[in-house]
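Numbering (the working numbering), first residue to last: 11 to 182. Every residue gets a Cβ at the ideal spot worked out from N, C-alpha and C, and that includes glycine. Below is one structure, written out as structure tokens; the observations come after it.
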Amino acid sequence: MNENVKILFINYLDELFPNAKAELNFSNNFELLIAVVLSAQTTDVSVNKVTPKLFKKYPTPFDLSKADVNEVETIINSIGLYRNKSKNIIELSKILVEKYNGEIPNRREALESLPGVGRKTTNVVLSNAFDVPAFAVDTHVERISKRLGIALENDSVLTVEEKLMALFPRQL
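Here is the structure:
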């Protein structure tokens, strides 16, 4: 794909989605991280239903790190995998408090070391919280990339991400 086609494609996407942003509701980087962790294997709509109560009761990593897992489970039990997610968000909050003084790290390695945080979650946080260029490759992005010929059918998610990053550098 030559530079002119890339620019046309990006401009077309900008026209289709002029205010593209995360569908999750959050007001700070901590809420973003927790909401993205909760969104795994469930819809953003479902997450947005539970996070207001969760963030009202536990607005900071300091608060959530001290939470009772049963109370968190009760708040988020309408989303999939809520038991594991409850444990993960409490544990990651403890790590944020102990290692990062309650701040969200802006380094890939640090984020990916947190419980429940994988590459896709890391990419969402890096791009939305820290304006780091990143593609959050989910099954939809992977499928479309392969259909458009950007990636090969047997390419891994990481390979798809790398190809997208190479194809659409930040300057565009």
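- Each of Phe-140, Ala-146, Asn-94, Leu-18 was checked against the Cα of Ile-114, and the nearest Cα belongs to Phe-140.
- Per DSSP, reduced to three states, the secondary structure at Ala-139 is helical.
- Cβ contact annotation for Val-147 (same chain, cutoff 6 Å, sequence separation greater than five): Val-167, Val-170, Glu-171, in chain order.
- Contact annotation: the stretch 12-30 does not touch the stretch 46-58, with fewer than three C-beta pairs closer than 8 Å.
- Here DSSP, grouped into helix, strand and coil, assigns Tyr-22 to helix.
- Scanning its chain for C-beta atoms nearer than 7 Å, with the 5 sequence neighbours on each side dropped, one finds around Phe-65 the residues Glu-41, in chain order.
- Rounded to the nearest whole angstrom, the C-alpha separation of Glu-81 and Tyr-92 is 11 Å.
- In this structure Leu-158 does not touch Leu-124 by the C-beta definition: roughly 33 Å separates them, more than the 8 Å allowed.
- Closest by C-alpha distance to Pro-62, out of Lys-173, Ile-85, Gly-126, Glu-108, is Ile-85.
- Our two residues, Glu-119 and Val-15, have alpha carbons roughly 34 Å apart in a direct line.
- With contacts defined as CB atoms closer than 9 Å, Val-60 and Glu-33 fail to qualify as a contacting pair.
- The residue from Asn-94, Leu-174, Val-135 with its alpha-carbon nearest to that of Lys-31 is Val-135.
- If you look at Glu-33, you'll find it isn't in any alpha helix (DSSP H); DSSP assigns it neither H nor E.
- The distance from the Cβ of Lys-95 to that of Gly-126 is about 6 Å, consistent with a contact at the 8 Å cut-off.
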